[in-house]
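Following this line, the structure appears as structure tokens:
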């Protein structure tokens, strides 16, 4: 059966020969310069042509973009420079305005003090001039308008007082003191219903003012509304239960309304406050006659 080994020996011999040949020729194959092959040369030439063409196209596009974009960039630079200049100017203006406001505030404080001194000396013309000066520096100074309105009221200039105080309401919307002053102007002008409205509005904003309840009671009494007047006096006495003026008004209103209990309560309170009051005897007599 040795003849079965012959094919195997032939295969081994042929394989050995092939390996020997490859081993001798491998260094030569490794040293082959592919760049010198015709196909590789053609490929490199094509790549170089394409690259050069792209460079030329890019150069033309860049020149075109510079030509088109230069005016735009110039405008943007001008705009940015102008904006920067305006910002600097705005900052400087703000600094100047801030300084000016601080100076005005200082001057306004001094003018308020001077106006108060003028009022104490009853120099109403000087006080008016000073308040008007404050308003010229700060046209939204509600305090200056309010004090000027009060000045006009004290000077008997009712028209000017009304106009000035009404302007304060445009600046502050709600101010109990201003409504009270407007009510005073209305009473002096014999506008009782308007005075009633102003006092009512003032008390809505500040219901702790006993004097306003008392004033409103007087207005109601003048309008022949004794029940409403009595209610107002009771409110005033809740705030100032020992005020002789309020108690005296409550007594008179009790006599007028023929309300013996109300008059008697007022009488007792007055007697407790001032037992030496010379009017107590007459008051007791009036109560007994009810």
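In UniProt numbering, the protein residues as written are 1 to 290.
Glycine is no exception: its CB is placed at the ideal position from the N, C-alpha and C atoms.
In this text the structure is predicted, and so the values were computed from the model without any measurement.
Contacts around residue i, its chain only, beta-carbon distance under 8 Å, and the 5 residues preceding and following it disregarded
i: residue 267; result: 251, 280, 283, 284 and 287
i: residue 124; result: 118, 151, 154 and 155
i: residue 208; result: 239
i: residue 277; result: 270 and 271
i: residue 134; result: 108, 111, 112, 115, 141 and 144
i: residue 241; result: 269
i: residue 78; result: none
8 Å Cβ cutoff met for residue i and residue j
i: residue 179; j: residue 202; result: yes
i: residue 199; j: residue 224; result: no
i: residue 230; j: residue 213; result: no
i: residue 130; j: residue 142; result: no
i: residue 171; j: residue 140; result: yes
i: residue 249; j: residue 217; result: yes
i: residue 233; j: residue 264; result: no
i: residue 210; j: residue 189; result: no
i: residue 206; j: residue 226; result: no
i: residue 107; j: residue 137; result: yes
i: residue 192; j: residue 222; result: yes
Cβ shell of residue i (< 6 Å), same chain only, five flanking positions each side left out
i: residue 376; result: Because the chain in this structure spans residues 1 to 290, residue 376 falls outside the shown range and cannot be described.
i: residue 33; result: Because the pLDDT of residue 33 is 48, which lies under 50, any placement of that residue in the model is unreliable, and the number read from its coordinates should be weighed accordingly. Excluding residues within five positions, none has a Cβ falling inside 6 Å.
i: residue 228; result: 220
i: residue 196; result: 219
i: residue 245; result: none
i: residue 126; result: 118
Where residue i falls, given that 16 or more other Cβ within 10 Å makes a residue buried
i: residue 247; result: buried
i: residue 86; result: exposed
i: residue 132; result: exposed
i: residue 113; result: exposed
i: residue 360; result: In the structure as shown, the chain begins at 1 and stops at 290. Residue 360 is therefore absent and cannot be evaluated.
i: residue 296; result: Since the displayed the chain opens at 1 and closes at 290, residue 296 lies outside it and no answer follows.
i: residue 295; result: Any answer about residue 295 is impossible in this case: the structure gives the chain only from 1 up to 290.
i: residue 255; result: buried
i: residue 273; result: exposed
i: residue 275; result: exposed
Below-8 Å beta-carbon distance, residue i vs any chain B residue
i: residue 118; result: The structure shown contains no chain B; it is built from a single protein chain.
Sequence-distant residues of its chain with Cβ nearer than 7 Å to residue i (five each side left out)
i: residue 160; result: 152
i: residue 186; result: 194, 195 and 198
i: residue 120; result: none
Quick one: any contact between the stretch 180-196 and the stretch 148-160, if contact means 3 or more CB pairs under 8 Å? Output reads yes: the stretch 148-160 touches the stretch 180-196.
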